[in-house]
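Enquirer: Chains as they are written, first to last, in my numbering: chain A, 1 to 215; chain B, 1 to 215.
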DNA sequence: GTCTATAAGACGATAGAC
DNA sequence: GTCTATCGTCTTATAGAC
């Protein structure tokens, strides 16, 4: 599509320097791909550096486009963030039903496996890192965290419990998993950072189960 | 305020613009208090906004001094941070021995009480918030976190356990407490954010104990 | 659809007057 | 000991050429 470099009509450049007017400009026809490249770059930077330290210019540079184009597509930095981390929601929506379904005395293991699994998968780990790194310092990101964890997941789990303190129990269980994510994946403290995921599940699932259905 | 304009000795100003040369300069005698005011302001801002979002100028403004004075005292922003959060270390150093002393089957409760107590006390909560908010996005702050939690506290607790997996056990116990701190104090998700601290200790201490000495 | 150019301002840090 | 003034670099965001 579109030969680009030389095929343009008004070829002789008016540019003051006489330098080539443009370099590796993409086809200009398939714009959908550009948007996704921006989102990939955004996800990578937000996950590695958090919201504040990530710049629109840095995202644009990593995506190979101009920073103005990022603003053109998304308007503000905050909208870029929301669009980038949106992909973390789908797996939760997909799996939350299978967490609450099944025997109640194994819900702790199912919940633990789901969360550890999401963090172990590089594709879902990036947006999760972005959310955690950003939720700690940014109100908009904290709202995303609450929507994802509390509203989408915990409420469902608590609904299965049939106890007056169900929500508190679900949240203490979540706290155990959030703390592991913080220490293992975010701050990376040994020996947890290098522990075998299956070993973690084996140790933690009973604790999560205890929070949910214990005495 | 500020007599300024006319009162200076060598009045005819060498300044190009002829504008007033200085404004409301304080006594210049009581310098020790100034340093502490800067640290108080730094602690407040680092805890509320995290490392990146906090500016040296903002700290200076809150302390009622010029930003150059902050650099004069501490050199770099990172050194300001370290000096500001240092006050979080003393209580840990003071209490860590009383955590490991006493019956082993109550070490979980002592550890839980210590951590919840530090977070419930406004004086120690501020530097802890600063460390957590910053450790997530800043390597220097992450190193402070590791030094505080892992090196100063967990190693001692693990030393009491006499098991090959003692360090991993101590860290999973810490993960439970870190997760509670994240959800209750940092991101503030209900109902944990408003739960009674004593209720939290009652629910969590057995879990921490189980991590440390359970099967 | 993609770019250049730039506005408008905050940042960390330094030099030097007093 | 405290300030003013400023350097050089970074930021988000906009206007407009092609």
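Glycine included, C-beta positions come from ideal geometry on N, C-alpha and C.
Decide if the stretch 184-197 of chain B is in contact with the stretch 154-169 of chain A; the criterion is three or more beta carbon pairs, one per stretch, under 8 Å apart.
Expert: Touching, yes.
Enquirer: Can you name, in chain order, every residue of its own chain whose Cβ lies under 8 Å from the Cβ of residue 201(A), other than the five neighbours on each side?
Expert: These residues qualify, in order along the chain: 109, 112, 113, 116.
Enquirer: Since residue 37(B) and residue 63(B) are thought to touch, with beta carbons under 8 Å apart, how far apart are those beta carbons, to the nearest angstrom?
Expert: The pair is a contact, with the Cβ atoms about 5 Å apart (cut-off 8 Å).
Enquirer: Give the C-beta separation of residue 126(A) and residue 44(A) to the nearest angstrom, bearing in mind that I take them to be a contact with Cβ-Cβ under 8 Å.
Expert: Confirmed, about 6 Å.
Enquirer: Under DSSP, the alpha helix (DSSP H) around residue 73(A) begins and ends at which residues?
Expert: Residues 67-74.
Enquirer: Would you kindly report the start and end of the unbroken alpha helix (DSSP H) that includes residue 112(A)?
Expert: Where residue 112(A) is concerned, the enclosing alpha helix (DSSP H) stretches over 107-120.
Enquirer: State the Cα-Cα distance for the pair residue 67(A) and residue 57(A), rounded to the nearest angstrom.
Expert: Computed Cα separation, rounded: 5 Å.
Enquirer: Less than 8 Å separating the beta-carbons of residue 150(B) and residue 204(A)?
Expert: No, they are not a contact pair.
Enquirer: Can you name the residues of chain A whose CB is closer than 9 Å to the CB of residue 191(B)?
Expert: Chain A residues near residue 191(B): 165, 167, 168, 171.
Enquirer: Chain B partners of residue 137(A), CB-CB under 9 Å?
Expert: What residue 137(A) touches in chain B: 49, 50, 51, 52, 53, 133, 134, 136, 137.
Enquirer: According to DSSP, is residue 164(A) helix, strand or coil?
Expert: Coil.
Enquirer: Beta-carbon of residue 43(B) versus every beta-carbon of chain A: anything under 8 Å?
Expert: No, residue 43(B) lies away from the interface with chain A (no Cβ there is under 8 Å from its Cβ).
Enquirer: Identify, in the order they occur along the chain, each residue of the same chain with its Cβ nearer than 7 Å to the Cβ of residue 50(B), setting aside the five sequence neighbours on each side.
Expert: 133, 134, 137, listed in sequence order.
Enquirer: Scan the stretch 100-132 of chain A for residues whose Cβ lies nearer than 9 Å to a Cβ of chain B and list them as they occur along the chain.
Expert: Answer in chain order: 132.
Enquirer: Mind checking if residue 175(B) is an interface residue toward chain A, Cβ cutoff 8 Å exclusive?
Expert: At least one chain A Cβ lies under 8 Å of residue 175(B).
Enquirer: Show which residues of chain B have a CB atom less than 7 Å away from the CB atom of residue 203(A).
Expert: By Cβ distance, chain B contributes 172.
Enquirer: Short of 8 Å in beta carbon distance, which residues of its chain neighbour residue 78(B), apart from the five on each side in sequence? Order them along the chain.
Expert: Cβ neighbours of residue 78(B) beyond the five flanking positions: 140.
Enquirer: Kindly say whether residue 187(B), judged by its beta-carbon, lies nearer than 8 Å to any beta-carbon of chain A.
Expert: Closer than 8 Å: yes.
Enquirer: Are any of the Cβ atoms in chain A nearer than 8 Å to that of residue 145(B)?
Expert: Closer than 8 Å to some Cβ of chain A, the Cβ of residue 145(B) qualifies, so yes.
Enquirer: At a CB-CB cut-off below 7 Å, which residues of chain B make contact with residue 150(A)?
Expert: Residues of chain B passing the Cβ test: 189.
Enquirer: Taking 7 Å as the cut-off, is the CB of residue 48(B) close to at least one heavy atom of the ligand ATP?
Expert: This structure lacks the ligand ATP, and indeed carries no ligand of any kind.
Enquirer: Alpha carbon to alpha carbon, what distance is there between residue 145(A) and residue 129(B)?
Expert: One C-alpha to the other measures close to 18 Å.
Enquirer: Would you say residue 99(A) and residue 152(A) are within 8 Å of each other, going by their C-beta atoms?
Expert: The answer is no: Cβ separation not under 8 Å.
Enquirer: Please confirm if residue 142(A) has its CB atom under 8 Å from at least one CB of chain B.
Expert: Cβ-Cβ to chain B under 8 Å: yes for residue 142(A).
Enquirer: Specify, as a first and last residue, the run of the alpha helix (DSSP H) that residue 191(B) falls within.
Expert: Per DSSP, residue 191(B) belongs to no alpha helix (DSSP H) and is neither H nor E.
Enquirer: With residue 82(B) as the anchor, note down where its alpha helix (DSSP H) starts and where it stops.
Expert: Segment 77-85, the alpha helix (DSSP H) holding residue 82(B).
Enquirer: How is residue 196(A) classed by DSSP in three states: helix, strand or coil?
Expert: In this structure, residue 196(A) counts as coil in the three-state DSSP scheme.
Enquirer: By alpha-carbon positions, which one of 39(A), 70(A), 119(A) ends up nearest to residue 179(A)?
Expert: It is 119(A) whose Cα lies nearest to the Cα of residue 179(A).
Enquirer: Do residue 212(B) and residue 154(B) have their beta-carbon atoms positioned less than 8 Å apart in this structure?
Expert: Result no, Cβ atoms of residue 154(B) and residue 212(B) do not sit closer than 8 Å.
Enquirer: Verify the CB distance criterion: does residue 197(B) have a CB-CB separation below 8 Å to chain A?
Expert: No - not a single Cβ of chain A is within 8 Å of the one on residue 197(B).
Enquirer: At 7 Å on the CB atoms, spell out the chain A contacts of residue 159(B), in chain order.
Expert: By Cβ distance, chain A contributes nothing, its closest Cβ being about 15 Å from residue 159(B), past 7 Å.
Enquirer: Among 89(A), 185(A), 55(A), 131(A), whose alpha-carbon lies nearest the alpha-carbon of residue 187(B)?
Expert: Nearest C-alpha to residue 187(B): 131(A).
Enquirer: Is it buried or exposed, residue 54(A), if we count other Cβ atoms within 10 angstroms and call 16 or more buried?
Expert: Answer is buried; the Cβ neighbour count reaches 16.
Enquirer: Measure the Cβ-Cβ separation of residue 148(A) and residue 89(A) and say whether it is below 8 Å.
Expert: Their beta carbons are under 8 Å apart, which means residue 148(A) touches residue 89(A) by this criterion.
Enquirer: Which one of 124(A), 81(A), 96(A), 86(A) has the shortest CA to CA distance from residue 181(A)?
Expert: For the residues 124(A), 81(A), 96(A), 86(A), the minimum Cα distance to residue 181(A) belongs to 124(A).
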